[in-house]
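Participant: Going by my numbering, the first residue of the sequence shown is number 3, and it counts up by one from there.
Structure incoming, see below.
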Amino acid sequence: DRDSPVHIDGETGTGKEVLAHYIHNSGPRAAKQFVAINCAAIQSTLLESELFGHEKGGFSDATTRKHGLMEIADDGILFLDEISSMQMEVQAKLLRAIEEKAFRRVGGNEMIKVDVQIVAASNRNLKEMIKEGAFREDLYYRLKVVDLDLPPLRERKNDIPEYVGFFIKELNPRLGLNVIDVTQPAMEVLINYNWPGNIRELRNTLERAMLFCDGEKIDVSDLPLDMVNKMA
């Protein structure tokens, strides 16, 4: 119920954005905007404009004024996924914007005041990146006022049956199926697999298995062959 910056650490597929949405939906900003950006999916030259917007003529292709995501997220939450891929120059501008609660659009002079809670996520070790000179230490400590760690699925295998039941229930209506469970041998395969893709891989595996399943329960024969072979 506070608006301090939050940093979520975890491998790809562990559910960092799901947790960010939970923070949003559970807090005082639930009725406000939740704006997400994947920093790794945007060219570094465009990321600054995406975050802070730009004025007409701010650079060669800026034919109109554009509001940035930080401005759009005013009063709400800005989720910065894969922040570890953000270039140092943009990191410096983000740090200043967080500290001053204000920024300038690219090519602009006016300070835009905002009230935004920052939730950032990374799948790389930011402390190691700081040692390598690839991430700003001051930004790291500014973001990790609240630091949350999502362990990989291989370290919490006791959760797998719970996830299996949840995803089967979620996928049945969308797939038009009536799969009710997983056989015990199939569950053993799922529990003993290492899940390099974490929860996202588990969900995709169950969706595939449900499509191949002829009965009411997913069996070993419905699972990917490479996964089953690792049990042999």
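We put the CB at the ideal spot given by N, CA and C, even for glycine.
#1: May I ask you to check if the CB of Leu141 is nearer than 7 angstroms to at least one heavy atom of the ligand NAD?
#2: Are the beta-carbon atoms belonging to Leu141 and Phe169 less than 8 angstroms from one another?
#3: In angstroms with no decimal places, state the Cα-to-Cα distance between Asp3 and Ser28.
#4: In terms of alpha-carbon separation, which member of Ser124, Asn194, Glu172, Ile162 lies closest to Met212?
#5: Rounded to the nearest angstrom, what separates Ala36 and Leu80 at their Cα positions?
#6: Starting from Arg260 and walking both ways along the alpha helix (DSSP H), at which residues does that stretch end?
#7: Is Phe61 closer than 8 angstroms to Lys95 when the C-beta atoms are compared?
#8: Pick helix, strand or coil for Arg202, following the three-state DSSP scheme.
#9: Nearest by alpha-carbon distance to Asp117: which of Asn200, Pro7, Arg126 is it?
#10: Could you tell me whether the stretch 62–76 touches the stretch 99–108, where touching means 3 or more Cβ pairs closer than 8 angstroms?
#11: Inspect the CB distances between the stretch 9–22 and the stretch 120–129 and report whether three or more fall short of 8 angstroms.
#12: Look at the Cβ atom of Gly109, then the Cβ atom of His23, and state whether they are nearer than 8 angstroms.
#13: Bridge partners for His9 per DSSP, in chain order?
#14: What residue range is occupied by the uninterrupted beta strand (DSSP E) comprising Asp83?
Facilitator: Concretely, from the data shown:
#1: Absence of the ligand NAD is noted for the structure shown, with no ligands found whatsoever.
#2: In the sequence shown, counting from the first residue as 1, residue 141 sits at position 139. In the sequence shown, counting from the first residue as 1, residue 169 sits at position 167. Cβ distance not < 8 angstroms, so Leu141 and Phe169 don't count as in contact.
#3: Position 1 of the sequence shown, counted from the start, is the residue given in the question as residue 3. Position 26 of the sequence shown, counted from the start, is the residue given in the question as residue 28. Between Asp3 and Ser28, the C-alpha separation is close to 7 angstroms.
#4: Residue mapping note: residue 212 aligns to position 210 of the sequence shown, counting from 1. Sorting Ser124, Asn194, Glu172, Ile162 by C-alpha distance to the C-alpha of Met212 places Glu172 at the top.
#5: Indexing the sequence shown from 1 puts residue 36 at position 34. Indexing the sequence shown from 1 puts residue 80 at position 78. The sequence shown places Phe at residue 36, rather than the Ala named in the question. Spanning the two alpha carbons is a distance of roughly 6 angstroms.
#6: For the chain, the structure presents residues 3 to 234; residue 260 sits outside this window and is missing.
#7: The residue labelled residue 95 in the question sits at position 93 within the sequence shown. The residue labelled residue 61 in the question sits at position 59 within the sequence shown. Not a contact, by the Cβ cut-off of 8 angstroms.
#8: As a working note, residue 202 is residue 200 in the sequence shown. Residue state, collapsed to three classes: helix.
#9: By one-based count along the sequence shown, residue 117 stands at place 115. Of Asn200, Pro7, Arg126, the residue nearest in Cα terms is Pro7.
#10: yes
#11: The stretch 9–22 and the stretch 120–129 touch, with no fewer than 3 CB-CB distances between them shorter than 8 angstroms.
#12: Within the sequence shown, numbered from 1, the residue matching residue 109 stands at position 107. Within the sequence shown, numbered from 1, the residue matching residue 23 stands at position 21. No, the pair does not count as a contact, with Cβ atoms beyond the cut-off.
#13: Working through the sequence shown from its first residue, we reach residue 9 at position 7. Paired residues: Ala122, Asp149.
#14: Numbered from its first residue, the sequence shown carries residue 83 at position 81. Residues 79–83.
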